[in-house]
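Here the structure is laid out as structure tokens; the discussion comes afterwards.
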Amino acid sequence: MWLTPSLLLMILSITSSIFLVLSSPSLFISWVGLELNTLAFLPILLSSKNKLTSESSIKYFLTQTLASVIVIMGGLTVFILQAEFSMTMVLFGLAIKLGAAPFHSWLVTVAESLTWIPLFILLTVQKLNPLFMVWSFSPMNSSFFYLIVFSSLIVGSLMGLAQTSTRALMTFSSISHVGWFLTGMALSLETGLLYFFIYSVILLAPILLLEHTNMSHINQLPLIQVKLQNQSILFFSLLSLGGLPPFLGFLPKWVILQLSMTFSFYFLALVMITSSLFTLYFYLRLMFSAFIFGGVKITQEKCTPTSFFSNFLLSLSLGGLSLIYFL
Numbered sequence: 001m002w003l004t005p006s007l008l009l010m011i012l013s014i015t016s017s018i019f020l021v022l023s024s025p026s027l028f029i030s031w032v033g034l035e036l037n038t039l040a041f042l043p044i045l046l047s048s049k050n051k052l053t054s055e056s057s058i059k060y061f062l063t064q065t066l067a068s069v070i071v072i073m074g075g076l077t078v079f080i081l082q083a084e085f086s087m088t089m090v091l092f093g094l095a096i097k098l099g100a101a102p103f104h105s106w107l108v109t110v111a112e113s114l115t116w117i118p119l120f121i122l123l124t125v126q127k128l129n130p131l132f133m134v135w136s137f138s139p140m141n142s143s144f145f146y147l148i149v150f151s152s153l154i155v156g157s158l159m160g161l162a163q164t165s166t167r168a169l170m171t172f173s174s175i176s177h178v179g180w181f182l183t184g185m186a187l188s189l190e191t192g193l194l195y196f197f198i199y200s201v202i203l204l205a206p207i208l209l210l211e212h213t214n215m216s217h218i219n220q221l222p223l224i225q226v227k228l229q230n231q232s233i234l235f236f237s238l239l240s241l242g243g244l245p246p247f248l249g250f251l252p253k254w255v256i257l258q259l260s261m262t263f264s265f266y267f268l269a270l271v272m273i274t275s276s277l278f279t280l281y282f283y284l285r286l287m288f289s290a291f292i293f294g295g296v297k298i299t300q301e302k303c304t305p306t307s308f309f310s311n312f313l314l315s316l317s318l319g320g321l322s323l324i325y326f327l
């Protein structure tokens, strides 16, 4: 289903759009890269042919179109209006594209209708261009920027507590991580990108497992027999996503917290720590459903490329402790 010429063309287009945004100092050229990215992702959204997916694709397209209009209007009015107001318009449009709170409602509805691999792309790859444009063109010392950061941290962590859908849970977790992405970008580009790439790698393991088990709600976990190896991958990956030491996901959070304290962002650091505790709680709730109430299937498997990749992801999640000594 996936290795088709049309899909390869879409992947090439998305990759080209990312390089276009990363290499361009111009807001207009970066905006063109955003539009190329949106158009390339739409066929991936429509890969599952059902009515719900079609409706979500329309919502995604209309939301991205509105956000793009706001971004380009902000860029065009920079010479007419005050530069700060124009750049705030750009930030407003990019926040919608990111699905950052309080502009996140479209992201949740679209995510609920997607299969797991398109959802992974939506929560990771599709955020890279807007994140880099926020760093390049938006005022990151403005009140509006910190409103987005605080809203994403708080809404993502608290709303995740009320979710029973695994897709919604992963989506609200991603919204909370957007607050960390933006904070990292405000402190330094390298820190923000470090957090983004580690988050993307760690998220891949639970996404692949949830796709393999076709699990859509938490209450399905006790009814599914999951292999012990897969349960271990889910367990350690979710702990790593929650930022629990000594796992790999703790490393970028520790770097951001250290820099926040260095720049005297004490209240922001407190909010980030609190949101991580709530996020870790609903990850633990998901794991308890799988481990305590779910069935465990113990089998001895041959070494296949899939199992080798799963073991690699598991080892990567456990690798955070040794990296702390390089800080």
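Take 1 as the starting number for the sequence shown in full-length UniProt numbering and just add one per residue.
For every residue, glycine included, the Cβ atom is placed at its ideal position computed from N, Cα and C.
Predicted model, so just to flag it, every value in this text is computed and none were measured.
Counted as a single uninterrupted DSSP element, the alpha helix (DSSP H) harbouring N129 occupies residues V125 to F137. Look at the beta carbons and you see the region 115 to 123 not touching the region 153 to 165: under three pairs across the two are nearer than 8 Å.
V108 is positioned such that its CB atom lies closer than 8 Å to that of T171.
The closest CA to that of S188, considering only L209, L244, H217 and I256, is found on I256. Residue environment: P25 is assigned as exposed (fewer than 16 neighbouring CB atoms within 10 Å of its CB, all protein chains considered).
If you check the CB distance, V32 and M133 do not come in under 8 Å.
Taking S174 as the centre and dropping the five residues before and after it, the same chain places the C-beta of L123 closer than 6 Å to its C-beta, in chain order. Counting along the chain, I70 sits inside the alpha helix (DSSP H) bounded by residues K51 to L76. Counting along the chain, the unbroken alpha helix (DSSP H) around L7 starts and ends at P5 to S23. Only exposed fits S23, as fewer than 16 other CB atoms lie within 10 angstroms of its CB. Burial is judged here by how many other beta carbons sit within 10 angstroms of a residue's own beta carbon; P206 has at least 16 and is buried. Fewer than three beta-carbon pairs drawn from the region 62 to 70 and the region 136 to 148 are found closer than 8 Å, and the two stretches are therefore not classed as touching. About 27 Å separates the beta carbons of A40 and M87, which is beyond the 8 Å limit, so they are not a contact pair. The secondary-structure analysis by DSSP pairs H104 with nothing; it has no beta-bridge partner. Following the DSSP letters along the chain, one finds G184 inside the alpha helix (DSSP H) bounded by residues T166 to L187. Around the beta-carbon of T262, fewer than 16 other beta-carbon atoms lie within 10 Å, marking it exposed. CA-CA distance, S200 to M73, rounds to 31 Å. Per DSSP, T115 is not a residue of any alpha helix (DSSP H), being assigned neither H nor E. From the listed residues R167, N129 and V155, the smallest Cα separation to F120 is found for R167. Looking at the DSSP output, K253 shares a beta bridge with no other residue. Residue pairing for H217: DSSP places it in a beta bridge opposite S165.
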